[in-house]
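Reading through the C-alpha cells given below for one structure.
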Amino acid sequence: MKQFLDDAINAFICIIGVAAMWVLLFKLNMVAFSYFETSKFISWVFIPAGVRLISVLLFGFYGVIGLFLGALITSYQVGIDADTAVAVSLISAFNPYLAINVTKYCLKIDALMQGLSAKQLMTISFFAALFSGLTHNLYFHVHMGTGSVADFMNMFIGDFIGSLIILFAFSFLIKWLRRSIKLQTQS
Amino acid sequence: MSNFKQMYQKFLNLAIALEEMSDFPALEPVEQKLLALLNKYWSNKEPITVVSAMNMTPEISTSTIFRYLKKMRAKGYIQLVVDEADNRVKYITPTALTESYFNKMGKLMIKATSE
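Chains as they are written, first to last, in my numbering: chain A, 1 to 187; chain B, 1001 to 1115.
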C-alpha cells in the first residue's frame, strides 16, 4: 500500500511538473518570441514543443497527461471556447506520443532508448514537429476552417525550431553541470 | 516500481544524446584507434581503400574493422569516394567533422600538457 502511494505521488509530481513546465515555457514564448507569432496557435518559434518532446520521451503517458493539463490551462488563457480548448489540448498532448513512438519504432530505438544518438533525437523532434503541424492544422481546417498548407509549414517550422532551442539548452546545461561538478571535486 | 527505474534509465540515455548534440558524436575506443590509423594515410596524402583499411592492423579482425567503418561513416567521421576508373574501389576520406575532431584533440593535448 505504501509503495502504491509512493508511486502515485511520484506520478502526480511528474504530471504537475510537465504541466507547470508547459505553462511556464508557453508564457516565456509569448513574451520572448511574440514578434514571431502569426496567430493564437501558430508561431515561427514555439519553445513548448521541446517540453512535449522531452516529457513524452521521459515520462511516457504521464507526460501526455501533464501536457494535456498544461495545454488546457494555456488554451483558456488565449481566449478560446471550452470545446476547442479540450480538442486542441488533446491533439497537443497525444500527437507527440504517437509521433515519438512511431519514429522510435522506425528507427529501432528500444523502450529505454539505449544507444540513442543526437542524430536520432533530432530525427524524432523533426517528425514530432511535422506530425504536430499536420494534426493541429487538420483540426483547424475541419472544425474552424482556418488551417492551410502555409499554416502547417509555419507550425512545423516553429515547433522544430522550438524543440531544437530546448534540446540545445539542455545540452549546454548538462555540459555546464558536468564541468562544475568536476571542478568542485577537483578543488 | 520499475516504471520509475525505467524513467531514470531513459533520462541517462537522453542525457548522453543531448550532450552529444553540442559536441562530437561519441567515438568508441576501437573507432578512435581506427581514426588514428586512417589519419596516418591522410596526413601522408596516401589514398586508402576500404579493403586496405580492413587490413590496416592485425589486432582487429577485418569484419570488425568493416563494421566499425560503417558506424564511423554513419557518425560522419569518414566518407567514401568511389574510384573514377573502377567503381568497385572505394576510398576512405576525412570529413569536416574529422578535421574539427583532430583540431580539438590537439588543443586538448596542449591544454593537458600545460596543466
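Cβ coordinates follow ideal geometry from the N, Cα and C atoms, glycine included.
- Approximately 28 Å separates the beta-carbon atoms of B:Glu1019 and A:Ser92; this is outside 8 Å, ruling out the contact.
- Under the three-state reduction of DSSP output, A:Glu37 falls in the strand class.
- Beta bridge pairing from DSSP links B:Ile1092 with B:Leu1080.
- Put simply, the CB of B:Met1021 is near chain A, with a gap under 8 Å to one of its CB atoms.
- When DSSP reads this structure, A:Ser43 sits in a beta bridge with A:Glu37.
- Judged by DSSP in its simplified three-state form, B:Thr1049 adopts strand.
- Exclusion of the five residues before and after A:Val88 leaves Phe41, Ala71, Ser75, Ile80, His136 and Tyr139 as the residues of its chain whose Cβ lies within less than 8 Å of its Cβ.
- Residue range Thr1062 to Lys1075 is occupied by the alpha helix (DSSP H) that includes B:Phe1066.
- Straight through space, the alpha carbons of A:Ala118 and B:Thr1057 are spaced by roughly 30 Å.
- Under the DSSP assignment, A:Asn95 falls in the alpha helix (DSSP H) whose first and last residues are Ala82 to Cys106.
- Any Cβ of chain B closer than 8 Å to the Cβ of A:Ala118 would place that residue at the interface, and such an atom is present.
- For A:Ser148, the closest Cβ of chain B is not nearer than 8 Å.
- If you look at B:Glu1031, you'll find it in the alpha helix (DSSP H) that goes Pro1029 to Ser1043.
- Judged by their CB atoms, A:Ser163 and A:Ala32 are not nearer to each other than the 8 Å cut-off.
- By the rule that beta-carbons nearer than 8 Å mark a contact, B:Pro1025 touches chain A.
- A residue is called buried when at least 16 other Cβ atoms come within 10 angstroms of its Cβ; A:Phe156 meets this threshold and is buried.
- Restricting attention to A:Ala19, A:Leu107 and A:Val56, the CA atom closest to the CA of B:Phe1011 is found in A:Val56.
- Per the coordinates, the alpha-carbon of A:Ser125 lies some 22 Å from the alpha-carbon of A:Gly147.
- Within the same chain, Asn95 and Ala99 come within 6 Å of A:Phe131 by CB-CB distance, once the 5 residues on both sides are set aside.
- If you look at A:His136, you'll find it in the alpha helix (DSSP H) that goes Ala118 to Tyr139.
- Taking the Cα positions, B:Thr1049 is about 43 Å away from A:Gly158.
- Secondary structure of B:Ser1114 (DSSP, three-state): helix.
- Secondary structure of A:Val56 (DSSP, three-state): helix.
- Only buried fits A:Phe26, as 16 or more other CB atoms lie within 10 angstroms of its CB.
- In the three-state reduction of the DSSP assignment, A:Ser148 falls in the coil class.
- Nearest CB-CB separation between A:Lys175 and chain B: below the 8 Å threshold.
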